[in-house]
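Before any comments, here is the structure.
Numbering (our numbering), first residue to last: 7 to 1091.
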């Protein structure tokens, strides 16, 4: 009876929820419920309504007063939406510090004594999905997870769909539940009466007429009830059989809910409430195409609801995540109907762990090692057995496939022509990961529909229609987006422009904003709160205002609250869940960027731009052409960000204001001189307006190079001056606003990388970056999939945690730590050889890292076996190991690396082996530069040895770099300096015939540099450089990883930049600067 009463009060009927209900009502401690879908909240409010429940929040000014009165009068209290901290005033109440005083019970809170009523009950709920409470809170309360389960949601959806589709069945079902409860109640009453009669009866029961009458009437009633129950059970079975037919819809829809709720793992702003989801579900039932054939109707419901969810969620996602949600939904549906194997999906997302040894690459001339490693690991998957052997036997066919411009559309070489869709994606990811995004689009189109890869356009009107005075509208901001212009335009359209109030939040603006909202509620105005992410301390007040039901009830029907915010974890979850979220990002691409510049202020004003210098042909020509070149430059520096570290080491947020100030300065110069003083304006634009944002010296060098390329005296002097090497992009003769827009409209939507000064291979880099972003996004949503791998089936039917096996394998391969003291005797610190000091320092660093890794592996093993607690730190290491990722905790103690776990361990062991060989055999002939933990110490060692030998000051010495003909090993050590190996070239290749930097081969992103001779010599004084060096020299930066960016460490070195290396090159240095050419100590695979 109790459970049925809970069910009627809104508690889901699944076992998990019922067990939670039993714990809440019977626990000795007060309950703290994790309740992101507000189910527990709703249940408690309905269940305790008759007992005069008090609902409060920690942000209420009088909440302690309400709580104290409730304790005294025995009212139940619900504290809702608590964060990760509980007020210290609650501690004595939660601890139940009850004392008996003068015959009554009291709770001592601080200095006050609160009279305690035993009927008092306290419930606490939080909207956070995964809160972390400190131990002192955990011991005071019973923490209960009320997150909705798939079974519970399925039940709710089934009830909803049956109630709408077959109201007769639902009414019958509800009638049966009530009748059944009444019958059981009646039986219970009868049994109680019988027991009472028997207990009170004296003497022979058969002689007691009253007892006989009660017993005989009870028997008749009991038989009637039994008959009714038999009929009820039969009827219930019939109803349930009819309801079962609707289960596919409930199951399909429940999966979609869990797909979208996991999006919060990608961005904290992606929050969706269960109420919102259920409303969409009911709308879909009402609007989906009707049919008398049940299977057709169910299909229509599923299709309509899936599209409805996609379109509603899409408007609140950033562009980069729109394909993620499509793929997540598609995979969720396919996994549920077993059309995708979980092992295949896990491999597609993680690429396997890869700790074993690999067979040699049979196609090393064209197939990267990373691809071959993936091919070898994929060979263990069901459906791809011995894939690597087949690949090695059919190299010619696979080479032809690898070289195709669109391999995702081609047929795979035999016998892999008939693979499943998921296996096709896996094979493609192994060989050509740059083509995964178009392949995923095709995968979604084939398994769902084309509409799921074509996001709906931004529609402010549709979003507004879904809002209400109770439901705010939230704009999620991204770099370069400003929704205010479109919002004001929409306000004018709805005649609300004069009633729109805006305030930019910041220090001290909270009370003003609150006052503005209260006024707007009364007078039916719109309030726009800009930059909510800045006002983190005021977000609690915003939550209180939005969730104030009394305020919402009294609000004017025209009132709306608009918020703009960058993604922020402090933005209230309850506001996000019950709001209409929107994104309106600026269009991507060179063409869209330039069109936007010419269509926005100040260039949209003819007075400022087209007619500014109409009185002078010379000034007009300089002005119009100068403006076009600057707008082109602005688009190039922004779009280069798409190419990752190849574009910029640090992705700067160049904005329209940078262009605007440059244009205003240009106008001022032309007004004074009628021509452009290029030297001065290039300095202002490159060093101040744009360069002011640039913090990396390599990026500063690049921005000036890009600016000089398109903005120089030839820009004005030469007719149709070429802005790119290909000559496809030119400055029109008279680029007025109309002419400029007309010319820009002829540009390709996706320009070639050469426009940005990059090699065609940069497109592969960009596509790989997109692939990684897509796969990492999907991986973050697959918590169930990753949880299921924690106990994969092992041999003999036993269950073994894969992380345990990984730890065991790694520990078996790790050598013991170096005996630094013993090695110091063999290689003592001596004045003439700094390399001994370098060796000692490196061994100390590697010992520290080795000990840390061994200790953490042992701890994870113990935690998996239950010998020690699985603390959050170990849990994180465990989760990252399972997906083959290098644990973050290791990285904090390690040298910089972007490698996955398997490759990192191989690389780490190779470094240890390099030093062990040095210890055993003496100093190596060729040093492995990439093998050093702190690379700069080795370079300093080379300089010190030379300076001490020749008695020069160390700051008077420089290193000259000579690339030798040796590929890996040299014949003998040089008399001075050192040979080094292990460097790679990105953005170019080393031409071994010309001994120079040259253009890369297509599809080959990296080239190994042969052995380099570090030759120390005295620095040449400036006036001594009389000889004219006709050879082109490029200052090539050397980085530790392909990420390129680092932070400045206490040693004065960037954590990533090593040095500049002077290399001969075939073209002018600026060509290689624009190419983003750099040398790397290690690759990412």
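C-beta atoms are modelled at their ideal positions from N, C-alpha and C, and glycine is treated no differently.
- Item | In DSSP terms, what residue 992 is bridged to | 1012 and 1084
- Message: Excluding the 5 residues flanking residue 809 on each side, which residues of the same chain have their C-beta closer than 7 Å to its C-beta?
- Response: 866, 870, 884, 887 and 888
- By the 10 Å Cβ neighbour count, where 16 or more other Cβ atoms means buried, how is residue 677 classified, buried or exposed? exposed
- Secondary structure at residue 540, three-state DSSP: helix, strand or coil? coil
- Can you give me the start and stop residues for the beta strand (DSSP E) that residue 110 sits inside? Run containing residue 110: 110-115, per the beta strand (DSSP E) assignment.
- Can you tell me the Cα-Cα spacing of residue 623 and residue 487, whole angstroms? 37 Å
- Item | Simplified DSSP state of residue 454, which is helix, strand or coil | When secondary structure is reduced to three states using DSSP, residue 454 falls in the coil class, being assigned neither helix nor strand.
- Task: Just grab the DSSP bridge partners of residue 1063 for me.
- Result: 1045
- Query: How many whole angstroms separate the CB atoms of residue 277 and residue 579, which I take to be in contact at a CB cut-off of 8 Å?
  - Reply: 5 Å
- Item | Collapsed DSSP secondary structure at residue 127 in the structure displayed | strand
- Item | Status (buried if at least 16 other CB within 10 Å, exposed otherwise) for residue 1043 | Classification for residue 1043: buried.
- Item | Option nearest residue 761 by Cα separation, candidates 880, 864, 639 and 807 | 639
- Hey, quick one: how far does the alpha helix (DSSP H) through residue 1004 stretch, first residue to last? Run containing residue 1004: none in the alpha helix (DSSP H); it sits in the beta strand (DSSP E), 1002-1004.
- Task: Determine the extent of the alpha helix (DSSP H) in which residue 498 is found, giving its start and end residues.
- Result: For residue 498, the enclosing alpha helix (DSSP H) covers residues 490-499.
- Message: Only counting the same chain, and skipping five residues up and downstream in sequence, which positions put a Cβ closer than 8 Å to that of residue 766?
- Response: Listed in chain order, the non-local C-beta contacts of residue 766 below 8 Å within the same chain comprise 758, 759, 760 and 1008, local neighbours out to five positions each way being set aside.
- In the structure shown, what three-state DSSP assignment does residue 82 receive? strand
- Message: The alpha helix (DSSP H) that contains residue 408, what's its start and end?
- Response: 401-408
- Message: Out of 975, 1072 and 1083, which one is the CA nearest neighbour of residue 990?
- Response: 1083
- With distances taken from CA atoms, which of 524, 955 and 709 is nearest residue 658? 709
- Item | Per-residue DSSP class, three states only, for residue 236 | helix
- Query: Taking 8 Å as the CB-CB cut-off, is residue 854 touching chain C?
  - Reply: In the displayed structure, chain C is absent; only one protein chain is listed.
- Between residue 185 and residue 14, what straight-line distance do the alpha-carbon atoms span, to the nearest angstrom? 14 Å
- Given a cut-off of 8 Å, decide if residue 691 and residue 631 are closer than it, judged by their beta-carbon atoms. no
- How about residue 1062 and residue 1001: do their beta carbons lie closer than 8 Å? no
- Task: May I ask whether a heavy atom of the ligand FAD can be found less than 7 Å away from the beta carbon of residue 637?
- Result: In the structure on display, the ligand FAD does not appear, and there are no ligands present to speak of.
- Message: Below 8 Å on the Cβ atoms is my contact criterion, and I expect residue 564 with residue 530 to pass it. Report the Cβ-Cβ distance as a whole number of Å.
- Response: 3 Å
- Message: So, at 8 Å on beta carbons, what are the nonlocal neighbours of residue 970 in its own chain, with the 5 sequence-adjacent residues on each side left out?
- Response: 976, 985, 1016, 1017, 1018 and 1019
- Three-state secondary structure (DSSP) at residue 588? strand
- Query: Quick one, are the C-beta atoms of residue 669 and residue 608 less than 8 Å apart?
  - Reply: yes
- Query: Can you tell me the Cα-Cα spacing of residue 223 and residue 194, whole angstroms?
  - Reply: 14 Å
- Item | For residue 378 and residue 932, the rounded distance between their alpha carbons | 28 Å
- Message: I need the boundaries of the beta strand (DSSP E) containing residue 477, first residue and last residue.
- Response: Unbroken run through residue 477: none, as it is neither H nor E.
- Leaving out five residues on either side along the sequence, give the residues of the same chain with a beta carbon under 6 Å from the beta carbon of residue 21. none
- Query: How many angstroms separate the CA atom of residue 907 from the CA atom of residue 1091?
  - Reply: 10 Å
- From 649, 681 and 698, pick the residue whose C-alpha is nearest to that of residue 664; which is it? 698
- Looking at the structure shown, is residue 1023 part of a helix, part of a strand, or coil, going by DSSP? strand
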